[in-house]
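Here's the structure, in structure tokens; my notes come after.
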């Protein structure tokens, strides 16, 4: 299998498992990723997702170009509503997603990182959108997402040079939340996971649902929305449990309802 997927203790773990190809994504891998995201969207037992690449060399080196005969224009015309890997601009995945960037995140791999909520990177990780250097363009989110996530001139430096940037540089740009040494990467990710899972599951879903669907609205318009996930969270047993646990000075016991 090109994708490893498991769920345990409310954490979904998704690993692109093609280390021999630097975890580059081919058509089969793309379909497998889409199936995983759809599965997670249907579940009620996931509070956090960690996505990464197998091995130590790469998170994802982008699209696997081996044996590909599709032209750039034909690729652009294909229907990929959720962007690269089904993730880069997916707006239906209402749980927080952590990118565990263990190595190269290039092209589509970088675009997948742009679709994540929190980015934890090894100090050896490298980021880049090299498409222009081979006569292509970052069509699956790079051109439209990067300029919305970091300062314009820094986004243009990435887009217009095609060069690779270090994890520290991306941290300075504001795209990476934390940079750690490679042997501390798992501990750092688990620390973030623990803090997320400590939150009420329905609150997490309501927050991300609101963030995903209100970015184009004014603050007043967004505040006025009465969405189903928001109302469900406010009316939930967990909403009562959170307050009770706080008053009783104990950890809350979430039921997800």
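In our numbering, the protein residues as written are 894 to 1150.
Using N, Cα and C, we set each Cβ at its ideal position, and we do this for glycine too.
- Of the residues 988, 1118 and 998, the one whose Cα lies closest to the Cα of residue 942 is 988.
- DSSP places residue 1013 in the uninterrupted beta strand (DSSP E) bounded by 1011-1015.
- The alpha carbon of residue 1069 has as its nearest neighbour, out of 954, 911 and 1015, the alpha carbon of 1015.
- The DSSP-derived three-state label of residue 899 is strand.
- For residue 1144, the CB contacts under 7 Å within the same chain, skipping 5 residues up- and downstream, are 1138 in chain order.
- Within the segment 928-964, complete beta strand (DSSP E) segments of at least 3 residues are found at 941-946 and 951-953, given in chain order.
- Ranked by how close their Cα comes to the Cα of residue 1081, the residues 1011, 1096 and 1150 have 1011 in first place.
- In the three-state DSSP reduction, residue 1043 falls in the coil class, being neither helix nor strand.
- Cβ contact annotation for residue 919 (same chain, cutoff 7 Å, sequence separation greater than five): 957, in chain order.
- By the criterion of at least three beta-carbon pairs nearer than 8 Å, the segment 1043-1057 is not in contact with the segment 1092-1108.
- Beta-bridge analysis with DSSP links residue 909 to 896 and 946.
- The criterion of a C-beta distance shorter than 8 Å is satisfied by residue 915 and residue 951.
- The beta-carbon distance between residue 1078 and residue 1034, rounded to whole angstroms, is 24 Å. This is too long to meet the 8 Å contact definition.
- DSSP, reduced to helix, strand and coil, places residue 1002 within a helical segment of the structure shown.
- For the set 901, 1125, 1043 and 1001, the Cα lying nearest the Cα of residue 1067 is the one of 1043.
- In the structure shown, residue 1020 falls within a strand segment according to DSSP collapsed to helix, strand and coil.
- If you check the CB distance, residue 955 and residue 925 do not come in under 8 Å.
- With 16 or more other Cβ atoms from the protein chains shown falling within 10 Å of its own Cβ, residue 1102 counts as buried.
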